[in-house]
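So the protein sequences, as listed, match chains A and B. Count the first sequence with the numbering used here and you get residues 1 to 318, in order. Count the second sequence with the numbering used here and you get residues 319 to 485, in order. No residue lacks a Cβ here, since even glycine has one placed at the ideal position from N, Cα and C.
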Amino acid sequence: MTPEVIRKLLAGYATGTLSESERAELFQAVMKDQALFDALADEEGLRELLADSEMRGELMAALDEPAQTLSDTPADEEASRELRPDSEMRGALQSTLHESRQRSAPNWRRWYAFMGVTATLGLVAAFFLTRPTPGPKIAQVAQLSRMEAGPPEALQMRELAEENKVKREEARRAPATRPAARPPAQPAAPPPEPAQASAPVVVARQAADALAEATPGRVSLAFRSAASSYKVEQRDPAGAWKTVEALRADVETRIVIQFPAAGLVTATADGREIARVAVETRDPVSLAVPSAAGLLTVTVNQASSGFTLQIPLRFLKP
Amino acid sequence: MAEREQLLATLRERIVAYATFRLGRDNAEDLAQEVLLLLETKYPQVVKLEEMLPLAFQIIRFKISDFRRKAARRGEYDAVTVDALPLAGSGNVLADLERRELRLRLLEAVRHLDGRCREIFRMKLEGRSYAEIQAKLGASNVNTVYTWDHRCRQQLMVRLGVGERIV
Chain A
1 MTPEVIRKLL
11 AGYATGTLSE
21 SERAELFQAV
31 MKDQALFDAL
41 ADEEGLRELL
51 ADSEMRGELM
61 AALDEPAQTL
71 SDTPADEEAS
81 RELRPDSEMR
91 GALQSTLHES
101 RQRSAPNWRR
111 WYAFMGVTAT
121 LGLVAAFFLT
131 RPTPGPKIAQ
141 VAQLSRMEAG
151 PPEALQMREL
161 AEENKVKREE
171 ARRAPATRPA
181 ARPPAQPAAP
191 PPEPAQASAP
201 VVVARQAADA
211 LAEATPGRVS
221 LAFRSAASSY
231 KVEQRDPAGA
241 WKTVEALRAD
251 VETRIVIQFP
261 AAGLVTATAD
271 GREIARVAVE
281 TRDPVSLAVP
291 SAAGLLTVTV
301 NQASSGFTLQ
311 IPLRFLKP
Chain B
319 MAEREQLLAT
329 LRERIVAYAT
339 FRLGRDNAED
349 LAQEVLLLLE
359 TKYPQVVKLE
369 EMLPLAFQII
379 RFKISDFRRK
389 AARRGEYDAV
399 TVDALPLAGS
409 GNVLADLERR
419 ELRLRLLEAV
429 RHLDGRCREI
439 FRMKLEGRSY
449 AEIQAKLGAS
459 NVNTVYTWDH
469 RCRQQLMVRL
479 GVGERIV
């Protein structure tokens, strides 16, 4: 037998139709051909079923019935009936469609509700995300009690402020006086050295008890305000005060400072006190600077804070 | 005995290849081992291929059925002991269900067979051989009957829903 013929013997295995020689041929082929082995193994259920005499009887009865066509099965009959375009079927189809739409309607409503809730949540989230966030809260670390009774320093500040005011008014009323002897101009003065105007170094002072309690933010703000509102001036030959780029040691020099708050100002030049005045808010204070001073230190004591300006001065060599 | 050993070795290869596609490689090895063990311990007298192969198919079928039942129940494969192996006529619910399903499909499929196929199938059920069928149908030779029956089997398998496994 050819392999092709042996393959056809599969049909007779389950029903037990094969003769001894055919079985032997088939089994020999099965042991050599995996596909044939698989097919025969899968046929085992059918073989077992067909081995049952009762089942054989049922099958014989089924074979005695006339052969069924495609439309003979209940399912096929139903399908062919659906294909018929009669009015009854159309009505049934329409009612089915209507029911289907009714069934699907709540799903759409649920979907819309879901969309609405999602959109609302999105809007709320967007509102909270885009809302300007408040700055960090400043935690209160200490309570500073304001001084009720004027301490000697405060009294001194007030007295000095009054004195300054009187002096300024007197100076305004009196005619401007020029210094009698003006230093002669130096014709052959060497060319001035390039100015080394460095930014003033601002250092927090924490010596006083009251200042030690001050919040860093307030001190920092005062520093910034003070540092941006001072100028060093020299008197020109005409007698007017002018801001110069290079300081000359033989010319009268002053520093004008505008403080952001009232306080007691103490100024030292190279460690030697040169002025001690009380100032009011926004009051410009003019302090005479000794010639050739190296470091000017201006300390301001206020009620709740204080600061120190350290201004390095570089005078040109005569 | 050497012939039997050779037969079992070949059978093992076939079983592993068959079950690998259906159960996976590891389970296929186990299945082949259990089938051979059963053949060795319970049926040492079976030597001929014609006897051994149908027996092996029967054991394979029950082993696979048992594997699927246990895997579905516990999600794992447990080896079935030889003594616990239920052969024909067991109370295996899954096998009974499969059998009932196959019976209904076979009855339905048989009702749709055409004239000659119905006749051939009827004669096969009556226990006639291919030679007798050839004589009854007046075919020139038995190979013609083989071909007719092969085509009828293909029809039947398609109706049974196992058309992809037709050889």
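Residues of the segment 348-376 of chain B with a C-beta atom less than 7 Å from some C-beta of chain A are Leu-367, Glu-368, Leu-371, Phe-375, Gln-376, listed in chain order. Glu-20, Glu-22, Arg-23, Ala-24, Phe-27, Gln-28, Val-30, Met-31, Gln-34, Ala-35, Leu-36, Phe-37: these are the residues of the segment 20-37 of chain A whose beta carbon lies less than 8 Å from some beta carbon of chain B, given in chain order. When the Cα atoms are used, Leu-371 of chain B and Glu-419 of chain B turn out to be separated by approximately 25 Å. Across the structure, Arg-168 of chain A and Val-244 of chain A are spaced so that their CA atoms are roughly 25 Å apart. Listed by position along chain B, the residues whose Cβ is nearer than 7 Å to that of Ala-62 of chain A are Leu-425, Val-428, Arg-429. A residue is called buried once 16 or more other Cβ atoms fall within 10 Å of its Cβ, and Trp-111 of chain A, having fewer, is exposed. Closer than 8 Å to the CB of Asp-414 of chain B there is not a single CB belonging to chain A. Here DSSP, grouped into helix, strand and coil, assigns Val-300 of chain A to strand.
Residues of chain B with a Cβ closer than 7 Å to the Cβ of Arg-110 of chain A do not exist; the shortest Cβ-Cβ separation is about 35 Å. Segment contact: the segment 35-42 of chain A against the segment 417-433 of chain B, fewer than three CB-CB distances shorter than 8 Å; contact not assigned. In the same chain as Tyr-361 of chain B, and ignoring 5 residues on each side of it, the C-beta atoms closer than 7 Å to its own belong to Leu-373, in chain order.
In the assembly as shown, Gln-324 of chain B is an exposed residue. Its beta-carbon has fewer than 16 other beta-carbons within 10 Å. For Glu-252 of chain A, there is no enclosing beta strand (DSSP E), since its DSSP letter is neither H nor E. Contacts between Val-5 of chain A and chain B, judged by CB atoms closer than 7 Å, involve Asn-461, Tyr-464 in chain order. Listed as beta-bridge partners of Leu-26 of chain A by DSSP are no residues whatsoever. The Cβ atoms of Leu-309 of chain A and Val-289 of chain A do not sit closer than 8 Å to each other. Looking from the CA of Asp-250 of chain A, the closest CA among A:Phe-307, A:Ala-240, A:Ala-292 belongs to A:Ala-292.
Around Ala-449 of chain B, the same chain offers Val-460 as residues with beta carbons nearer than 7 Å, after the five sequence neighbours per side are excluded.
In this structure, Leu-295 of chain A sits away from Ala-267 of chain A, with a CB-CB distance that is not shorter than 8 Å. Its Cα nearest to that of Ala-413 of chain B, the residue B:Gln-376 stands out among B:Ser-458, B:Gln-376, B:Ala-350, B:Leu-326. Going by beta carbons, Leu-49 of chain A and Met-55 of chain A fall inside the 8 Å limit.
In the DSSP assignment, Ser-286 of chain A forms a beta bridge with A:Val-256. Taken through DSSP and simplified to helix, strand or coil, Gly-57 of chain A comes out as helix. Residues of the segment 326-339 of chain B with a C-beta atom less than 8 Å from some C-beta of chain A are Thr-328, Leu-329, Arg-332, Ala-335, Tyr-336, Phe-339, listed in chain order.
Secondary structure at Val-364 of chain B: coil, using DSSP grouped into helix, strand and coil. Counting C-beta pairs with one atom in each stretch, the segment 26-35 of chain A and the segment 348-365 of chain B have fewer than three that are closer than 8 Å, which means they do not touch.
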